[in-house]
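Take a look at the structure below.
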Amino acid sequence: MSVQDKVCIITGGGSGIGRSAALMLAQQGAKIALVGRTASKVEVVRDEITASGGEAIAFGLNVADIDRVRDMTKQTLDTYGRIDVLVNNAGHSSQHRRILTTPPEEIRAVIDSNLVGMMYCTQATLPTMLEAGEGTVLNVASMAGVSTSYLGGMIYSTVKAAVIHFTKFLTFELHNTGVRASVLIPGEVDTPIMDNRPIPPSAEDRTTMIGVEECAEALVMMVGLPKRSTITELIMKPTMMRAASETADFP
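Numbering (our numbering), first residue to last: 176 to 426.
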């Protein structure tokens, strides 16, 4: 397994799983294109990579802006000549957990960042992979899209379920093209998104969650497989699971 010299676009690359995966891939010789809504965050990660002798570029953009996504794809191709891996990791959750309390603007925003942006990035990068006859699209979903509870909430859970099915459709559409579609489905991960929950988990609860480094290791393993092999779906769970009933007071 190797990611040496692979060109990897990572959305949501400024923090959490995306940041950890970018650093790990760069340490193993990959060339990284970091994408994030906040330019300063992805630029910090870019500078960490280049300071350690790696290669990275950074783009501050909203993945739901198709024109910016197309421009980012073109600039990545102009810089590195190809795209081997797309990691669709960008996304955020809602402060609300129920259908009747979630404002329409939050519904739209969560759909845009988690699903629409993923589709736009995939649409923009697939042609170069198909032309090469190989490549990997790896989508980061969540167990919230598998198991219904207030831990994920209405809109986040719904969108992550759509991410999982989108990946299944990609696998179907890309059959025998040489391009792989994979989905990583982690349970609760100790990332900054937890701080935005209406009832943030306690420090003790966070110690039992999956670490971003473990997710990054799984991600690197999935994209680094020889092209003859594919992990279409990988589920990760904390060894110690929180009870969903503990979150019954979520708004």
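For every residue, glycine included, the Cβ atom is placed at its ideal position computed from N, Cα and C.
Query                                                                                                                                                                        : Result
Have a look at M304 and I241 and give me their C-alpha separation to the nearest angstrom.                                                                                   : 19 Å
Between N351 and N314, which are expected to be in contact by the criterion C-beta below 8 Å, what is the C-beta distance as a whole number of angstroms?                    : Actually they are not in contact, since the Cβ atoms of N351 and N314 sit about 20 Å apart, beyond 8 Å.
Where does the unbroken beta strand (DSSP E) through A231 begin, and where does it stop?                                                                                     : 230-235
Leaving aside the five residues before and after T254 along the sequence, list all residues of the same chain whose C-beta is less than 7 Å from its C-beta, in chain order. : I232
What do you get for G189, buried or exposed, if any count of 16 or more other CB atoms within 10 angstroms of its CB means buried?                                           : buried
Report the option in V312, G308, I360 whose CA atom is closest to the CA atom of A299.                                                                                       : V312
Please classify G308: does DSSP put it in a helix, a strand, or coil?                                                                                                        : coil
Spatial neighbours of E392 within its chain, please: CB distance less than 8 Å, with the 5 preceding and 5 following residues excluded, ordered by chain position.           : M199
Determine the DSSP secondary structure at L326, reduced to helix, strand or coil.                                                                                            : coil
Is the distance from the Cβ of T333 to the Cβ of V358 below 8 Å?                                                                                                             : no
Would you report the Cα separation of H271 and E306, rounded to the nearest angstrom?                                                                                        : 43 Å
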